[in-house]
Each structure stands twice: as structure tokens, then as C-alpha cells.
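Q: In our numbering, the protein residues as written are 32 to 382. Here a beta-carbon is modelled for each residue, glycine too, at the ideal position from N, C-alpha and C.
1. Of all the beta strand (DSSP E) runs that stay within the bounds of the segment 165-247, which reach a length of 3 or more residues?
2. Is residue 279 helix, strand or coil when you go by DSSP?
3. Consult DSSP for residue 323 and reduce its assignment to one of helix, strand or coil.
4. Identify, in the order they occur along the chain, each residue of the same chain with its Cβ nearer than 7 Å to the Cβ of residue 217, setting aside the five sequence neighbours on each side.
5. Who are residue 373's beta bridge partners in DSSP?
6. In this structure, does DSSP put residue 148 in helix, strand or coil?
7. According to DSSP, is residue 161 part of a helix, a strand, or is it coil?
8. Taking residue 298 and residue 145 to be in contact with their CB atoms under 8 Å, please state how far apart those CB atoms are, rounded to whole angstroms.
9. Rounded to a whole number of angstroms, what is the C-alpha to C-alpha distance between residue 315 and residue 343?
10. So is residue 251 buried or exposed if we call it buried at 16+ other beta carbons inside 10 Å?
11. Going by alpha carbons, who is nearest to residue 308 out of 131, 135 and 157?
12. To the nearest angstrom, report how far apart residue 371 and residue 282 are at their CA atoms.
13. Using only the alpha-carbon positions, how far apart do residue 383 and residue 168 sit?
14. Give the secondary structure of residue 367 by DSSP, where H, G and I count as helix, E and B as strand, and everything else as coil.
15. Determine the DSSP secondary structure at residue 349, reduced to helix, strand or coil.
16. Could you check what DSSP says for residue 311 in three-state terms: helix, strand or coil?
17. Can you give me the Cβ contacts of residue 336 inside the same chain, cut-off strictly under 6 Å, excluding the 5 residues immediately before and after it?
18. Which same chain residues end up closer than 6 Å to residue 334 when comparing Cβ atoms and leaving out the 5 residues on each side of it in sequence?
19. Of the choices 264, 332, 305 and 200, whose alpha-carbon is the least far from that of residue 317?
20. According to DSSP, is residue 259 helix, strand or coil?
21. Suppose you measure from the CA of residue 183 to the CA of residue 221; what does that come to, to the nearest Å?
22. On the three-state DSSP scale, how would you describe residue 291?
23. For residue 299, name the three-state secondary structure that DSSP assigns.
24. Looking only at its own chain, which residues have a Cβ that is under 7 Å from the Cβ of residue 366, when we skip the five neighbours before and after it?
25. What three-state label does DSSP hand residue 269 in the structure shown?
26. Report all residues from its chain with a CB closer than 6 Å to the CB of residue 256; omit the five preceding and five following residues, and keep chain order.
27. Under 6 Å Cβ to Cβ from residue 92, same chain only, skipping five residues before and after it: list those, please.
28. Buried or exposed for residue 373, going by 16 or more other Cβ atoms inside 10 Å?
29. Compute the Euclidean distance between the alpha carbons of residue 375 and residue 227, then round it to the nearest angstrom.
30. Alpha carbons only, please: which of 212, 267, 196 and 242 is nearest the one belonging to residue 279?
31. Considering only the beta carbon of each residue, do residue 244 and residue 275 sit closer than 9 Å?
32. Would you please state the rounded distance, in angstroms, between the beta carbons of residue 286 and residue 192? I believe it to be under 8 Å.
33. Nearest-angstrom Cα distance between residue 185 and residue 270?
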């Protein structure tokens, strides 16, 4: 930065103190006045003979004087400000840190280390199913609701589809309100009940409710489509699906970020990869999946998948600290948490 200010100051001072830099006139170029009078040009047939003035003759002669531009450049090179600029350039302070290549390589490797860490693999598997199936439900919604009744659908128009998707918004809003009151209070309550020491796995206590509601919602959705039940049954199933999904989203993300506190962005990006993958591939496998087992059992299998990953979540709640120690053995600087911090109580705050 100091070198930049010095360069800018030198340029301004040189422009002010050396006026010739702003001059646009060439002293070697002198144009004579055009000849006047009838003797200036004589017309002989079709040939025009023009008289030449003495000044024009001088211009046609080779210039034997030294080039004034070269002389001006030599004067600038000898100027004290230019010498000062060279001194500052050579002896200035280095502004770019050394070892940028190693830092670039480290930052490029960290996301892959977090993505394939044991704790991220387990949580990513849970996210892959628990958030992938709701994305699958949203992406295939129109294929089940808009076909006519005779074809097994509900004959919804575009406006009716827009109103039906409000069930998703209601589920999202309810999940946000629930999380506002319980996502932090529940793990803190568990920590106080267990001695006042914080453990990262206490955050996962909020997944118990969604582990019950999410498979119920998928079961209602599949049964409603299979037996062509009233669309309000499907609306209830859609509400439960998205209420459970949006309960899982902040809890799982906060947990993984607290497992890698020095790299929160890389941790969230890693979970995004797990979350989006199933939702993207579901569009390509839904048709064959439905043809193989039927529409009811397709969503029924999704409900059983949720039950399976619920077992993984129970394992993380009980033994997540052990899995995190495996990551610590791989990299102590990567797996940095606030595990073991004392939780303050209301009595401590008043005191």
C-alpha cells in the first residue's frame, strides 16, 4: 500500500513540476501560411503549377537538429523525483504474503476432507434421505395432481396447484417458528440436566420429533396416491413432510458446523452436496421405481428409508463424540469444537 501511494504521489508531482509532459505542441513542426495572390498557382492546360514558399522549402529539408522528445526523456530520467521513485520501488516493503501456493492447496483440500470425514459421512447419509425425499415429492407433485381423474390424477389446474403448494409453505413456516423457540433451548436444557457441560450431540435432540413425523407424512402421501384418497389427506402428508424436513435442516447443519468450527463454509457446502444429490437424481429414477413397486410402495419405501437413517441418528446422539474423535486423529486443526464448555445458568448470569 505504501508503494502504491508513493507511486501515485510521484506521478502527480512529476506532472505538476514538469510542464512539458502536458504539452501537445511539436516544436519541430512549423507550417507556413498558404500562398496568396494570382501568382500562387498557374494553370497551364490541365496541369496545375503551384508556387512554393520559402517556409515550405524549409519543411522539406531534412531536420538536422536533435530530437526534442528524446531530450525531454533524458531530462525526466535525471529528475530527482524519478530517482526517488526508483529507490522506493527497489527498497519498498513487500505487501503480498509468502506461501500463497500452500495456502491455496490447503483451502482446496479442506472441503474434500470434511466431505469424507466419518462424522460427515454419517450425517450426510441422514441428510441424503431425510431431505432428498421431500425434494423428490416437490419435483414430482404436478405429475400426480394435474392428470385427469380418469387417468389416476386429481385434475388440478395451475391455480389449484398453486394453492396446494401452500401446504408446503405452511409446513416451512411452522418449522421455522418451532425452531425459533426450541432449536437452542432444547439442547441447552439437556446440557443443564446432564451436569451443565456442553456436548455437540445435544443439538441432535431436536431430531426426535421429525424422525417420527417425516415417515408418517411420507406414508400418508403414498397411501393417498395409491388409493386416490381426498386431496386433503395429501395436503396433510405434504405438510408433515416439509415440517419434518425443515426441522432437520438447521439442526443437522448446525451440528456439522460445530464439528468444524474453523471451517463453517466448507462444512455447510459438504452437507449441501449430500442434500441436493438425491433430489436431483430422483427425477430420473421415479418412473422406473414406480413401475417396479407401484406408487404406494415407492413412497412407503421412502418412509422405511427414513426409519433406517433414524437409526443412524440415534447412533450419532449416543456415540457421536466417539466418531468425532476419529476425525481428530486425521486432523487436529480441522476437527475443532466447543465440546466440554460449561453452560451458564440463570443464577450465574444474575451473580
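A: With the structure as the only source:
1. Complete beta strand (DSSP E) runs here, min 3: none at all.
2. Under the three-state reduction of DSSP output, residue 279 falls in the helix class.
3. Of the three classes helix, strand and coil, the one that applies to residue 323 here is helix, per DSSP.
4. Excluding sequence positions up to five before and after residue 217, its CB lies within less than 7 Å of the CB of 236 and 237, all in the same chain and listed in chain order.
5. In the DSSP assignment, the residues bridged to residue 373 are 228.
6. If DSSP states are grouped into helix, strand and coil, residue 148 belongs with coil.
7. Reduced to three states, the DSSP call for residue 161 is helix.
8. About 5 Å separates the Cβ atoms of residue 298 and residue 145, confirming a contact at the 8 Å cut-off.
9. So the alpha carbons of these two residues sit roughly 27 Å apart.
10. Its Cβ being crowded by 16 or more others within 10 Å, residue 251 is buried.
11. By alpha-carbon distance to residue 308, the top candidate from 131, 135 and 157 is 157.
12. Each residue's Cα considered, the two are about 19 Å apart.
13. With the chain represented from 32 up to 382, any question about residue 383 goes unanswered, as that position is not in the structure.
14. Coil at residue 367, not helix or strand.
15. Assignment of residue 349 by DSSP, reduced to helix, strand and coil, places it in the helix class.
16. Helix.
17. Excluding residues within five positions, the ones whose Cβ falls inside 6 Å are 160.
18. Taking C-beta separations shorter than 6 Å and ignoring five residues to either side along the sequence, the partners of residue 334 in its chain run 246, 249 and 250, following chain order.
19. Measuring from the Cα of residue 317, the nearest candidate turns out to be 332.
20. In the displayed model, residue 259 falls within coil according to three-state DSSP, outside both helix and strand.
21. Whole-angstrom Cα-Cα distance: 48 Å.
22. Reduced to three states, the DSSP call for residue 291 is coil.
23. Residue 299 sits in a helix when the DSSP states are folded into three classes.
24. Hits under 7 Å: 290, 291, 355, 358 and 359.
25. In this structure, residue 269 counts as helix in the three-state DSSP scheme.
26. Same-chain partners within the cutoff: 175 and 326.
27. Confidence at residue 92 is low in this model, with a pLDDT of 49, below 50, so its placement is unreliable and the value that follows should be read with caution. Within the same chain, residue 92 has no close Cβ partners at all.
28. Residue 373 should be labelled exposed.
29. Straight across, the Cα-Cα distance linking residue 375 with residue 227 is about 7 Å.
30. Comparing alpha carbon positions, the residue from 212, 267, 196 and 242 closest to residue 279 is 242.
31. Cβ atoms of residue 244 and residue 275: closer than 9 Å.
32. About 35 Å; that fails the 8 Å criterion.
33. Rounded to the nearest whole angstrom, the C-alpha separation of residue 185 and residue 270 is 18 Å.
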